[in-house]
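Position 542 (the sequence shown) corresponds to 541 in numbering that gives the first Met the number 0; numbering is contiguous.
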Amino acid sequence: MSLSSPSQAPTSLTDLPPELLDHITTYLPSAQSLASLGAASKSLHAYVEKDAWHTFIKTHFPSIAPDAPPSYRDATRTLATLSKAWDRRALVSRYIEPGGSIRTYPGGGKVDRWNRPRGQQTIGFTPHLDVYEEIGPRWQDRTEVFAFSAGAEVCVRQTQRRGSGNENVQWATYRPLSASEGRDDVTTLHLLKPRDGFGAAEGQKLVIGTANGDLRVVELPEGECQDVPTVYLTTQGLPVRSSSLISTRSSTLLAANMGDSRVCVYPIDDDAPKIAPLSSVDIRPPHVQGERVKHQRVWSTSFLSSQHIAAGIGPSEQPLHILSLTPSGLEKEAIRKFSLQNDLDHVDSFTKRSSSSVYPIVPLPASSASATEGNVFLSGAYDGIIRLHDLRSPREVEASYSDPTDDSAVYSLLPRGQETLVAGTSRHSLLKTFDLRLGAKCYSYLEASSTLPGNDTRVPRTRDWNLFLRPTSNTGGNWRGGRGRGRGALQNTWVSRRSHESSVYSLAASSHHSPYIYAGVENAVLELASTAALDQNPDSVFFAPWQARKSTQPRHDSMPAHFEDDARQAGSSASGFWNEREVLDLAMYDQTPDMKLCTQKSLWDTHRQATSPVSRTLEFPRVEGLDQRWRVGSG
0 MSLSSPSQAP
10 TSLTDLPPEL
20 LDHITTYLPS
30 AQSLASLGAA
40 SKSLHAYVEK
50 DAWHTFIKTH
60 FPSIAPDAPP
70 SYRDATRTLA
80 TLSKAWDRRA
90 LVSRYIEPGG
100 SIRTYPGGGK
110 VDRWNRPRGQ
120 QTIGFTPHLD
130 VYEEIGPRWQ
140 DRTEVFAFSA
150 GAEVCVRQTQ
160 RRGSGNENVQ
170 WATYRPLSAS
180 EGRDDVTTLH
190 LLKPRDGFGA
200 AEGQKLVIGT
210 ANGDLRVVEL
220 PEGECQDVPT
230 VYLTTQGLPV
240 RSSSLISTRS
250 STLLAANMGD
260 SRVCVYPIDD
270 DAPKIAPLSS
280 VDIRPPHVQG
290 ERVKHQRVWS
300 TSFLSSQHIA
310 AGIGPSEQPL
320 HILSLTPSGL
330 EKEAIRKFSL
340 QNDLDHVDSF
350 TKRSSSSVYP
360 IVPLPASSAS
370 ATEGNVFLSG
380 AYDGIIRLHD
390 LRSPREVEAS
400 YSDPTDDSAV
410 YSLLPRGQET
420 LVAGTSRHSL
430 LKTFDLRLGA
440 KCYSYLEASS
450 TLPGNDTRVP
460 RTRDWNLFLR
470 PTSNTGGNWR
480 GGRGRGRGAL
490 QNTWVSRRSH
500 ESSVYSLAAS
510 SHHSPYIYAG
520 VENAVLELAS
530 TAALDQNPDS
540 VFFAPWQARK
550 STQPRHDSMP
560 AHFEDDARQA
570 GSSASGFWNE
580 REVLDLAMYD
590 QTPDMKLCTQ
600 KSLWDTHRQA
610 TSPVSRTLEF
620 PRVEGLDQRW
630 RVGSG
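Written out as structure tokens, the structure is:
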């Protein structure tokens, strides 16, 4: 008689409990791997659709994932596609300005052409930007509201997206009747969002501050209404230098820097006839040998949380002050003052700390793994270094990010979650990108694709790189001719020479998962779209596939019809239909000692290369790991 154990059927994935399947999902390298798992069986498909996409997006995109998207599958596609475009540095850049049928306020009339400001200044206007986005019942249903200042005027664009590049665009402008360039230039600008209790049914509300000491909340009404409801905030005639807005469940607060030293906090109440500050404090320069330090001023204010406001001052040995906001108002003395060097960084403890100025300050966004609650933030300084600070730490600086190839002052900061940091500098229209890689391990298209068979595993040597926000050729922003007055001609004739050698004054994005970044340079505003212009499978939430742009109409010249100025109807467009005359050819280089300048080919040259084996191999050699528009050298 032989003893034998009962036979057992082999265990399969479908037999595993959901907890183990979730654990397996966190190790899948790519969204494609997860989609393949869902195709294995009906039960796994049900699990993937119900739970796995949620788990994947929270673990692979911990700091840029949306909180509760209508579809986690669609949101994952957007984030994975954005990661691919960003890692390949696929960018389509354009100057933007009001176009089509533009409604002007006050008055509510319409004009078909926008005239840029014409003041007496020797330099162009300094744009201030703000943008937000509302997501509808479907992931692809979006309404983006973008605003920028141009001298004493504010321009507002509302873009409704319905997927596959389908857009409906409406422009409005606001300019007080008595405003003039130079005297009444806009210095601060904020959009009030419907989700914060400011309903869009009545019209878009904005907070506008000026160099002339005017601070107001205005409402741009819908339709042909001539009146612009306005609520004034008292400033005692002090110029508004900078401001920051924060919204909580109970209130919306504005922190404004008035003059050279005053910081005021205002409640935003659009029903009040006039708004006085809840509290104010003066940040005075310290005394040295019985006299106050000269030329020191407050440069910026930023809410870190509803309890803390950061003020950047300078020049100072401690150019970063943290103010406490309590129910009774602002504390008169800063609860903490940061210098820009740790004590261990000094060779001699008796050496005097160096003085500098802090300009932009931004809180580091929280992640799904851990919330920072405003304790961790970034600052940009005159010395060109970006620093990470933590209120919970006794150290002055936790980490620093600098460019060994350029030490221009940092004028603007835009963190993309805890993964990427974009910085605008004071010279050469230079935009810098740094890899933060904080918090949980993040998704990377390059790392995910290297695990798939047959893919090129070579990646760029560094994830830190610089981009020049000025055209390198006669296409795009330099084009001034052409037949008719199409949108490409209209929007680019006003770009001055100075905007090619400008500071990058401001940066904005509607969300961490949006492919659009907006940059304000002297006398111009740029839109940077993270996508490959000739991509046949872009993110359909924002862009149309390249095949949809091809035309079958016969042509009598060498340029394809889909590059022609298509004379789109006023008020509507498709962002997937890139206009050759609008798209800028930019330049970039890695932040390495052996840096090489790379420039973008025009859309026409890129298309010609993609369809011609000879051009592909001989005329325009590709840069490995980067988008097909990039080539080594200036062309």
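Even for Gly, the Cβ is constructed at its ideal location relative to N, Cα and C.
Annotation: the continuous beta strand (DSSP E) that includes Arg102 extends over Ile101 to Tyr104. Taken in chain order, the stretch 84 to 142 contains no complete alpha helix (DSSP H) segment of 4 residues or longer. Residue Val524 holds the alpha-carbon nearest to the alpha-carbon of Glu581 among Asp195, Val524, Thr300 and Gln235.
Looking at the DSSP output, Arg335 sits in a beta bridge with Ile321. A direct Cα-Cα distance of roughly 24 angstroms separates Gly181 from Gly313. CA-to-CA, the gap between Glu48 and Gly37 works out to about 8 angstroms. Short of 7 angstroms from the beta carbon of Arg261, and not among the five residues preceding or following it, lie these beta carbons of its own chain, in chain order: Leu237, Ser279 and Asp281. Nearest Cα to Gln120 within the set Trp113, Ser92, Ala149 and Val144: Ala149. Of the residues Ser633, Met594, Gln590 and Ser62, the one whose Cα lies closest to the Cα of Lys600 is Ser633. For Ile274, the three-state secondary structure derived from DSSP is strand. Every beta strand (DSSP E) of 3 residues or more that sits fully in the stretch 354 to 396 is shown, in chain order, as 357 to 362, 375 to 380 and 385 to 389.
With contacts defined by Cβ atoms closer than 8 angstroms, Asn374 and Leu390 form a contacting pair. Going by DSSP, Trp52 is part of no beta strand (DSSP E) but of the alpha helix (DSSP H) stretching over Trp52 to His59. Closest in C-alpha terms to Phe337, from the list Arg296, Glu395 and Ser354, comes Glu395.
Note that the C-beta distance between Ser411 and Val520 is not below 8 angstroms. Collapsing the DSSP output to three states places Ala531 in coil. Sixteen is the threshold: since fewer than 16 other Cβ atoms of the shown chains lie within 10 Å of the Cβ of Tyr26, the residue is exposed.
As a beta-bridge residue in DSSP terms, Val216 pairs with Val206 and Val230. For Glu166, the uninterrupted beta strand (DSSP E) segment begins and ends at Asn165 to Tyr173. Collapsing the DSSP output to three states places His307 in a strand.
When DSSP states are grouped into helix, strand and coil, Ser241 belongs to the strand group. Look at Pro17 here: in three-state DSSP terms it is helix. In the three-state reduction of the DSSP assignment, Glu48 falls in the helix class. A direct Cα-to-Cα measurement between Ser246 and Leu252 gives close to 6 angstroms. Going by beta carbons, Leu339 and Ser355 fall inside the 8 angstroms limit. Note on Gly222: under 16 other CB atoms within 10 angstroms of its CB, so exposed under the neighbour-count rule.
By the C-beta criterion, the stretch 178 to 196 is judged to be in contact with the stretch 130 to 150, since at least 3 inter-stretch pairs fall below 8 angstroms.
In this structure, DSSP gives Ser501 a state outside helix and strand, which the three-state scheme calls coil. Leaving aside the five residues that flank His59 on each side, the residues in its chain whose CB is nearer than 6 angstroms to its CB run, in chain order, Tyr442. Straight across, the Cα-Cα distance linking Phe433 with Thr419 is about 6 angstroms. A distance of 8 angstroms or more separates the beta carbons of Pro272 and Tyr265. Every unbroken stretch of the beta strand (DSSP E) spanning 3 or more residues and falling wholly within the stretch 244 to 271 is given here in chain order: 251 to 257 and 261 to 266.
A Cβ-Cβ contact shorter than 8 angstroms links Gly202 with Leu219.
For a cut-off of 8 angstroms, the C-beta gap from Pro364 to His511 is around 7 angstroms, short enough to register as a contact. For the 8 angstroms CB-CB criterion, Ile101 and Ala171 form a contact. Collapsing the DSSP output to three states places Gln608 in a helix.
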